[in-house]
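Have a look at the structure below before the remarks.
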Amino acid sequence: MAIGYACITIGVQNAGLSRCILKNATEDNIRAITRSNLSALETMVEYNIRNDIKLFRISSDIIPFGSHPINEVHWWAEFKEMFTRIGEKISAAEMRVSMHPGQYTVLNATEPRIVQNAIEDLKYHGAFLKALGVDQKNKIVLHIGGVYGDKAKSTKVFIKNYLLLPQSIRNRLVIENDDKNYTIQDVLEISKETNIPVIFDNLHHQLNPPMEKLSDGKWMAACSSTWKGYDGKQKIHYSQQKVGASSGAHSDTVLIQQFLDFYRNLGNKEIDIMLEVKDKNLSAIKCINTAVLDISAKLFEEWVRYKYFVLSRSERLYNEIDQMLNLKDELVAKEFYERLEQAYLLPEDMEAEVNAAQLLWSYVSQECSSAEKKRFEKLVLAYKTRACTVRTLKNHLLKCVLRQEMDYLTNSLYFYI
DNA sequence: TGACGTCAAGATCCG
DNA sequence: CGGATCTTGACGTCA
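Under the numbering used here, residue 1257 is the last one in the first sequence; the count climbs by one each step, no gaps.
Put into structure tokens, the structure is as follows:
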């Protein structure tokens, strides 16, 4: 069992990805962005290792224009050392990585150029994973594509084009149900003919259920047998609908009770769960700490990161959690995270925000310049009169914290949520 | 033709 | 100048 997240980390320094637009895609710029992004990847991998996260999706944007003819950089050779080093860290930690070309990579398109682009894109993803030196349990996830008014015919085209792919790419390819066109039943039928492993996506399934009505558990069991030993453990995607948003939109955070209901009903616990959620690594750690690990030791570290954020929302919740953590015997991860969720959902309270900002300021102010002091006071006043948002205030505090290298505060989620 | 999804870059406006 | 707030980009399908 592993639980992981996709592409980017919240609240981790030096882990941001860069990109460029076509207009700026010169050889030098592509090279510089590639180097920077590989360095960010290494930071994210190290973060995952520190936090016992063993499942991670690598962003398709990691190489700018990775499958576009404008990119003529032989990045797999030029950055071989970095790839090898990162790949070794991944393997040594028994982390499983994946990549997921988006909705615009359409292998079954009617237009040959689009099919060719899709093939190039899959080759790019394959080359990236190969450069890392990770084995074929590290997958490339793909949707089936378009329907073009005839699903049976388009399904055949998908299979035909799949068979055109190099064996090394086919070895890594797995297919997923989508929220509009191909149901889990459609995808399983394609798997029957091709032996491609199938990813069950719970939210897509909810929005696009097949004619045949089975429980989620039954569908996941059906997918389970598409995963062979050399493919690694069965993998699924899990997400929750964002309330009030357009259907299919991912929630800001994974609500832990809802996740536990799903998790406890899983027949097969030997399964890897990729979370698709806005707060990324934060929800991954939440779910791991609640469902997988014995967390009492980990929770205190979590609290160090969250505490000022909670204080900025509510002193009552802050005190409740603080007291809860002192009663170690009665410590329950679920209750801890449910209180964090309450804090998330509370509306902004100006008094609480000012209170938290001033507490942090009492640590920061001891070593700051008079200009920083002046700006802080100005921003507090501005915030109180609604002339600026609390974000501005937080950014200023963070800038002071980073300049002073106050390590215990730089990772505080107060600054990032 | 616009919506869909992604998320930083880029542009623009404000004080 | 810093910061807030759009808009753009690059991809393809579908209503």
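Where is the CB? At the ideal position from N, CA and C, for every residue including glycine.
For S1065, the three-state secondary structure derived from DSSP is coil.
Residue state for F923 is assigned as helix, using DSSP reduced to three classes.
Residues S1079, Q1080, Q1081, K1082, V1083, V1117 and K1118 of the same chain have their beta carbon placed closer than 8 Å to that of S1091, with the five preceding and five following residues left out of the count.
With respect to the 7 Å criterion, E1110 and K1073 are classified as neighbours on the basis of their beta carbons.
When C-alpha distances from A1211 are compared across T1229, S858, Q1046 and H1236, the shortest belongs to H1236. DSSP, reduced to helix, strand and coil, places D1041 within a strand of the structure shown. Just so you know, the alpha carbons of F1176 and F1255 end up roughly 20 Å apart. When DSSP reads this structure, L895 sits in a beta bridge with G844 and R936. Note that the C-beta distance between M935 and I980 is not below 7 Å.
Taken in chain order, the complete alpha helix (DSSP H) segments of 4 or more residues contained in the stretch 1194 to 1245 are 1210 to 1224 and 1230 to 1243. As summarised for the stretch 1092 to 1141, the continuous beta strand (DSSP E) elements at least 3 residues long and confined to that stretch are 1111 to 1115, given in chain order. Contact between the stretch 895 to 904 and the stretch 874 to 882 is established, with three or more Cβ pairs separated by less than 8 Å. Collapsing the DSSP output to three states places K1020 in coil. Taking C-alpha positions only, L1185 is separated from E1016 by approximately 32 Å. In the DSSP assignment, V1172 falls outside any alpha helix (DSSP H) and carries neither an H nor an E.
V1094 and N1108 have their C-alpha atoms roughly 21 Å apart. By the criterion of a C-beta distance shorter than 6 Å, N869 is surrounded in its chain by C860, once the five residues flanking it on both sides are discounted. Around S1064, the same chain offers Q1074 and N1108 as residues with beta carbons nearer than 7 Å, after the five sequence neighbours per side are excluded. L969: not part of any beta strand (DSSP E); member of the alpha helix (DSSP H) spanning P952 to L972, first to last residue.
Fully contained in the stretch 849 to 921 are the following alpha helix (DSSP H) runs of length 4 or more, in chain order: 867 to 890 and 915 to 918. About 35 Å separates the beta carbon of K894 from that of A949, a gap too long to meet the 8 Å contact definition. Burial check for R1012: the Cβ neighbour count within 10 Å reaches 16 or more, so the residue is buried.
L982 sits in a strand when the DSSP states are folded into three classes. With respect to L947, A958 sits close: the two C-beta atoms are nearer than 7 Å. Taken atom to atom, the span from the alpha-carbon of I1128 to that of G856 is near 23 Å. Shown here, Q1025 sits in a helix according to DSSP, grouped into three states.
Contact check for A1196 and Y1148: beta-carbon distance about 5 Å, within the 8 Å limit, so the pair qualifies. Setting aside the 5 residues that flank it on each side, E1052 is surrounded in the same chain by Q1025, each with a C-beta closer than 8 Å to its C-beta; the list follows chain order.
Residue state for V946 is assigned as coil, using DSSP reduced to three classes. Of the other Cβ atoms in all chains shown, fewer than 16 fall within 10 Å of the Cβ of S1209; this residue is therefore exposed. Shortest Cα-Cα distance from G1057 to any of T1066, I1076, D1019 and L1106 involves L1106. DSSP places Q1163 in the helix class (H, G or I) of the three-state scheme.
At the C-beta level, V1230 and E1193 come within 7 Å of one another. According to DSSP, K1075 shares a beta bridge with D1112. Burial is judged here by how many other beta carbons sit within 10 angstroms of a residue's own beta carbon; H914 has fewer than 16 and is exposed.
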